[in-house]
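To start, the structure itself, in structure tokens.
Chains as they are written, first to last, in the working numbering: chain A, 1 to 100; chain B, 101 to 231.
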């Protein structure tokens, strides 16, 4: 799993690659930690190469969405593979996190 | 049939997942089925490793009547995950938590789940139609 974060003006572009699971969820949380500190977050996450997430990964997405919402910011997940999207759908995460 | 006992359990979560994924029963399955198997195995073993207090897991993987069967046995505290109410997946953001989502994913992605407690052991069995 790799997380790449790039800031362009007021927007933050994140690229996720690989699997988010029990072995690397703590690392994923550490990697996205800078996003929790932004004052006016406007975050776009490209999930094209995100292969998998378990509930361990969902936990981090939930933390991120709660932080962004609290700050009145914006978070969007893009280009999610159907199998990964199903994990978000089954758990009702598609209704609390914007996925396009 | 694959039968394997893992003891002790510390740091072996990925080994347990890969043992299932590399088994002769799972490798021929389509990619989308393998995705679901990996996810459910991770969710179940995570629960056992984090909450059961068991020092071991005995894993069985086999195919029976057109179904892939994955069974987990552990010696931890008696816990039937199927007894718990499903989390509210339509709750507003601020009321959401991660509790119970793993077993919910298993219920939705597998064709059946069963649990029994016998001789001081938890048995949780997942079945997925593959025929």
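Ideal Cβ placement from N, Cα and C applies to all residues, glycine included. Small disclaimer: the values here were computed from a predicted structure and weren't measured.
DSSP-derived helix/strand/coil call for residue 198/B: If DSSP states are grouped into helix, strand and coil, residue 198/B belongs with coil.
Where the alpha helix (DSSP H) through residue 141/B begins and ends: In the DSSP assignment, residue 141/B falls within the unbroken alpha helix (DSSP H) covering 131–147.
Minimum Cβ-Cβ distance from residue 105/A to chain B less than 9 angstroms: Not covered by the structure: residue 105/A. The range shown for chain A is 1 to 100.
Residue 219/B in three-state terms, based on DSSP: Per DSSP, reduced to three states, the secondary structure at residue 219/B is coil, with no helix or strand assignment.
From 64/A, 87/A, 84/A, residue whose alpha carbon lies closest to that of residue 38/A: Ranked by how close their Cα comes to the Cα of residue 38/A, the residues 64/A, 87/A, 84/A have 64/A in first place.
Proximity test, Cβ basis, 9 angstroms: residue 180/B and chain A: Judged by the 9 angstroms Cβ criterion, residue 180/B is not in contact with chain A.
Within-9 angstroms CB hit, residue 98/A to chain B: Answer no: the Cβ-Cβ gap between residue 98/A and chain B never drops below 9 angstroms.
Residue 50/A versus 28/A, 42/A, 36/A, residue with shortest Cα-Cα distance: Ranked by Cα distance from residue 50/A, the first of 28/A, 42/A, 36/A is 28/A.
Short Cβ contact (9 angstroms threshold) for residue 114/B with residue 22/A: Yes, the pair counts as a contact, with Cβ atoms nearer than the cut-off.
8 angstroms Cβ shell around residue 12/A - same chain, five flanking residues per side excluded: Once the five neighbours on either side are set aside, the close Cβ partners of residue 12/A are 5, 6, 35, 38, 41, 42, 43, 44.
9 angstroms Cβ cutoff, residue 92/A in contact with chain B: Residue contact check for residue 92/A against chain B: a CB pair falls below 9 angstroms.
9 angstroms Cβ cutoff, residue 212/B in contact with chain A: No, residue 212/B lies away from the interface with chain A (no Cβ there is under 9 angstroms from its Cβ).
Near-chain B residues of the stretch 25–58 of chain A - C-beta to any C-beta below 9 angstroms: So the list reads 51, 52, 53, 54, 55, 56, 58, given in the order they occur along the chain.
Contact set for residue 19/A: own chain, Cβ-Cβ below 7 angstroms, skip 5 residues either direction: Same-chain partners within the cutoff: 1, 51, 52.
Within the stretch 13–77 of chain A, ranges of the alpha helix (DSSP H) (whole runs, at least 4 residues): With a minimum length of 4 residues, the unbroken runs of alpha helix (DSSP H) contained wholly in the stretch 13–77 of chain A fall at 25–36, 55–70.
Residues near residue 138/B in its chain [Cβ-Cβ closer than 8 angstroms; skip 5 each side]: Cβ within range, chain order: 117, 120, 121.
Where residue 208/B meets chain A, residues with beta-carbon distance less than 7 angstroms: Residues of chain A passing the Cβ test: 90.
Inter-stretch contact (C-beta, 8 angstroms, three-pair minimum) for the stretch 178–197 of chain B and the stretch 123–140 of chain B: No, the stretch 178–197 of chain B does not touch the stretch 123–140 of chain B.
Residue environment, residue 164/B, which counts as buried when at least 16 other CB atoms sit within 10 Å: Result: exposed.
Chain A contacts from the stretch 131–144 of chain B (Cβ-Cβ distance under 9 angstroms): Taking 9 angstroms as the upper bound on Cβ-Cβ separation, chain A lies near residues 131, 132, 135, 136, 138, 139, 142, 143 of the stretch 131–144 of chain B.
Chain A within 9 angstroms of residue 197/B, Cβ atoms only: Yes, residue 197/B counts as interfacial toward chain A.
Proximity of residue 91/A and residue 55/A at Cβ, strictly below 9 angstroms: Cβ distance < 9 angstroms, so residue 91/A and residue 55/A count as in contact.
Interface flag, residue 101/A vs chain B, CB-CB below 9 angstroms: Nothing can be reported for residue 101/A: it is not among the residues displayed for chain A, which extend from 1 to 100.
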